[in-house]
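Heads up, the thing below is written out as structure tokens.
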Amino acid sequence: MLKKIQKHSRSRFEELGYPSKKLENWKFSSSKHLKKYSSNNSNNKDISIEQYSDEYTLCFINGEISLESLNKFIYKDDMTILDIDELKDESICSTSSNFEKEAFFHLGLSTIKSGKYFEFKEGCKFDTPIQILNVYNKNTEELRISSFNIFKLNQGNNISIIEQDINEGSGSFNLSLNKFICADNAILNHSMMYDDSTESNYLGYNYYELERNVLLNIDSMNINSTFNKNFIEIDLNREGSEVKINILNLARNEQHLDNNILVNHNAEHCISFQNVRNILNDQATCVFNGKVIVADGAQKTDSHQSNKNLLLSQNATAYSNPQLEIYADDVTCGHGSTTGALDKDSIFYLRARGIKETDANDILVKAFAKEILQEFVNDNIRNLSENNLDHWIDG
Amino acid sequence: MITIKDLKASIGDKDILKGINLEIPKGEIHVIMGRNGSGKSTLANVIAGNEKYEVDGGSITMNGNDMTEMSIENRALQGLFLCFQYPVAIPGVSMAYFLRAALNAKNKHDGKEEMDAVEFLTTAKKVLSDLGLDDSFLKRSINDGFSGGEKKKSEILQLLMLNPQLAVLDETDSGLDVDALRTVAQGVNEFKNDNNTVLIITHYQRLLEYIKPDVVHIMIDGKIVRSGDMTLVHEVEKNGYSWLIK
Chain A
53 MLKKIQKHSR SRFEELGYPS KKLENWKFSS SKHLKKYSSN NSNNKDISIE
103 QYSDEYTLCF INGEISLESL NKFIYKDDMT ILDIDELKDE SICSTSSNFE
153 KEAFFHLGLS TIKSGKYFEF KEGCKFDTPI QILNVYNKNT EELRISSFNI
203 FKLNQGNNIS IIEQDINEGS GSFNLSLNKF ICADNAILNH SMMYDDSTES
253 NYLGYNYYEL ERNVLLNIDS MNINSTFNKN FIEIDLNREG SEVKINILNL
303 ARNEQHLDNN ILVNHNAEHC ISFQNVRNIL NDQATCVFNG KVIVADGAQK
353 TDSHQSNKNL LLSQNATAYS NPQLEIYADD VTCGHGSTTG ALDKDSIFYL
403 RARGIKETDA NDILVKAFAK EILQEFVNDN IRNLSENNLD HWIDG
Chain B
-3 MITIKDLKAS IGDKDILKGI NLEIPKGEIH VIMGRNGSGK STLANVIAGN
47 EKYEVDGGSI TMNGNDMTEM SIENRALQGL FLCFQYPVAI PGVSMAYFLR
97 AALNAKNKHD GKEEMDAVEF LTTAKKVLSD LGLDDSFLKR SINDGFSGGE
147 KKKSEILQLL MLNPQLAVLD ETDSGLDVDA LRTVAQGVNE FKNDNNTVLI
197 ITHYQRLLEY IKPDVVHIMI DGKIVRSGDM TLVHEVEKNG YSWLIK
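Structure below.
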């Protein structure tokens, strides 16, 4: 199975080539600097995960699962864990038709060493979240590291997954591909935390396939990424499901942050919220490409998109492109986008109460960010995010 | 307490204040009345240091300290408090956090210790109760989703908590119903003592039914054209401002 997927993807990548700025999804993101990275062939067996791993953690080292962490993983008896190569049904690996058009998606798939399939037993509800730790430990410069994992939630599952990257050594190009399948009445909370100091590049493709009455929360906070581009695509295939996406990105210097979100309302009575906020300083840039497509017949859809960008420097740039495509006639859909500096009247108000100008600015930046953070489902992630926010503001 | 001499200010190329002279001694309440657009709110904002306005001449002195070029926050720390006509909403910052930040900035400036959470809550709850506000008010974001009356009560809450030397009330009575007006006036009267000073800027007489001023000033076209006692207020109520224009 894996070889077949890789062969297909290799051929697709050769057809597509590296993405140019002529493509809508890459209009404001240059991929030129990503060409220099070559596939990782290093052996990960000697890398210890002792310092990171506890019984709730699944550790991936340079894209491959650590057997050490898998052996002590507390939930392993409540799951079926297979290599992708062992899957009989090819359709489980298929993702969206849009990812199929993405060259880097195929570049990632064509060069994965292995991939894992995690299926949760019906009715399983885990009180403590699963921590997915992607450890990128690079002794060689200019490595491209790819991973592909599939998570299947069955009826009645209530699962929280917290995904974090740990970059060590040289900067790399991390290509992360994930597919999440959610059966009826499942609840999935997927938190993504990115904090990097190795000037690595992150490119993520996350595809979510939702059946009936699913609740999906996606929370993400991103700081210190040189280049971070995340594709999120969600198919709401049956009625009654709800998706909430809350993303906070903080960037400075020449960092580049890019969120591409597509929500396909393919069924009636589904709800989706997209809330993306970017705070940019210096010459940082961000992109928001958010799209909602309401299919013909997806009546009673309720969908809201909001992108707000706070520019702390005159040289920072935000590209915002919220889009709605509606083919049904009985829906509630709205979108909005704002970009601007800190509000001068608010600064005056705080200073008029004796608060120093720098402190007033910090209070307003935190307030802007906290409106997203307070929506994060997981308390620990919210607290961690608030700490990260404080550190980022302190510079 | 505060002395304003020949104060001139503009916004863009529009001159608004055209030579204000005003002296308010400690312990007094003064009122400035005037038509819309006469420059009353500009005066309040210029006293508070709002950088939207350019000071083109003159001086503002408080307790002997020249404040004309002073930063906004230093004016506040010196004891100036502007009660805003249109308080801004700041989602994401709780009233409690804001009030403690303001109080601690003042305590630090005055060489006092930071107020601890228990002391803060005890003080705040007492003031909230006097203003007819629930304790949950402290958890709400600054002025976010507040009614017109709540916004003005929030300003009075801050006034009573920060206990400044000079309070400038910029049309604090606008948009209030009778009950809210009475509560706000009670707050101001509670604040007032022989050691502090109040400058009230208003359109209408109705606030002055509850707060008795020592001196009334009439402002027209960026200048104070007449000063007097409460009889001046009654004359304006009866005859308008036209008779005061030369």
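If you read the sequences in order, they're chains A and B. End of the first sequence = 447 in our numbering, gap-free, step of one. End of the second sequence = 242 in our numbering, gap-free, step of one. Heads up, the beta-carbon is just placed ideally off N, CA and C, and yes, glycines get one too. Remember, predicted model here, so these are calculated numbers, not experimental data.
(1) Applying the criterion that 16 or more other CB atoms from any shown protein chain within 10 Å of the CB defines a buried residue, is W239/B buried or exposed?
(2) Quick check: what's the CA-CA separation for N359/A versus E154/A?
(3) Report the CB separation of Y188/A from E220/A in whole angstroms; it is logged as a contact under 8 Å.
(4) With a floor of 4 residues, list each alpha helix (DSSP H) that falls wholly inside the region 154 to 212 of chain B, ordered by position along the chain.
(5) To the nearest whole angstrom, what separates the beta carbons of S252/A and V315/A, a pair I think is in contact under 8 Å?
(6) Alpha carbon to alpha carbon, how far is V42/B from K4/B? Give it in angstroms, no decimals.
(7) Taking the CB atoms as reference points, tell me whether S121/A and S105/A lie closer together than 7 Å.
(8) Roughly how far, in whole angstroms, is the beta-carbon of I207/B from the beta-carbon of I25/B, given that I think they are within contact range, below 8 Å?
(9) For the region 166 to 176 of chain A against the region 60 to 68 of chain A, are there 3 or more C-beta pairs whose distance is under 8 Å?
(10) Mapping the DSSP letters down to three states, classify G30/B as helix, strand or coil.
(11) Against chain A, with Cβ distances strictly below 7 Å, would V184/B count as a contact?
(12) What runs of the beta strand (DSSP E), each 3 residues or longer, lie entirely inside the region 138 to 218 of chain A?
(13) So E427/A and N330/A are supposed to be a Cβ contact under 8 Å. How far apart are they, rounded?
(14) At 7 Å on the CB atoms, spell out the chain B contacts of S398/A, in chain order.
(15) In three-state terms, what does DSSP make of H321/A?
(16) At the level of alpha carbons, what is the spacing between D414/A and T119/B?
(17) Report the three-state DSSP secondary structure of R222/B (helix, strand or coil).
(18) Could you give the C-beta distance for L127/B and L153/B, rounded to a whole number, given that I count them as a contact under 8 Å?
(19) Mind listing which residues of the region 391 to 418 of chain A have their C-beta closer than 9 Å to chain B's C-betas, in chain order?
(20) Let me check understanding here. Comparing Cα to Cα, which of T57/B, D217/B, Y237/B, R71/B lies closest to N46/B?
(21) Check the Cβ of I68/B against every Cβ in chain A and list those closer than 7 Å, keeping chain order.
(22) Tell me the residue span of the beta strand (DSSP E) that contains Q357/A.
(23) Between the region 365 to 372 of chain A and the region 10 to 20 of chain B, are three or more C-beta pairs nearer than 8 Å?
(24) For a contact meaning CB atoms closer than 7 Å, what does L246/B contact in chain A?
(25) Starting from K74/A, find everything on chain B with Cβ-Cβ shorter than 7 Å and list it in chain order.
(26) Can you say whether D310/A is buried or exposed, counting buried as having 16 or more other CB atoms within 10 angstroms of its CB?
(27) What three-state label does DSSP hand Q58/A in the structure shown?
(28) Compare the C-beta of K104/B against all C-beta atoms of chain A and say whether one is closer than 7 Å.
(29) Is the beta carbon of I0/B less than 7 Å from the beta carbon of I68/B?
(30) Nearest-angstrom Cα distance between L227/A and F157/A?
(31) Using DSSP bridges, identify the partner residues of E285/A.
(32) Does the pairing of the region 376 to 393 of chain A with the region 342 to 351 of chain A give three or more beta-carbon distances under 8 Å?
(33) Counting only beta-carbon separations shorter than 7 Å, does K422/A have a partner in chain B?
(34) Are H199/B and I28/B touching if we call contact CB-CB under 7 Å?
From the atom records:
(1) exposed
(2) 24 Å
(3) 7 Å
(4) 174 to 187
(5) That pair is no contact at about 28 Å.
(6) 10 Å
(7) yes
(8) 6 Å
(9) no
(10) strand
(11) no
(12) 167 to 172, 182 to 190, 195 to 205
(13) Incorrect: roughly 16 Å between the Cβ atoms, too far for contact.
(14) V84, I86
(15) coil
(16) 26 Å
(17) strand
(18) 6 Å
(19) D395, K396, D397, S398, I399, F400, Y401, L402, R403, A404, R405, G406, I407, K408, E409, D411, A412, I415, L416, K418
(20) R71/B
(21) F400, R403, A404
(22) 354 to 363
(23) no
(24) With chain B running from -3 to 242 in the structure shown, residue 246/B is simply not present.
(25) Near K74/A there are no residues of chain B at all, since even the closest Cβ is about 39 Å away, more than 7 Å.
(26) buried
(27) helix
(28) no
(29) no
(30) 8 Å
(31) Y259/A, L314/A
(32) yes
(33) yes
(34) no
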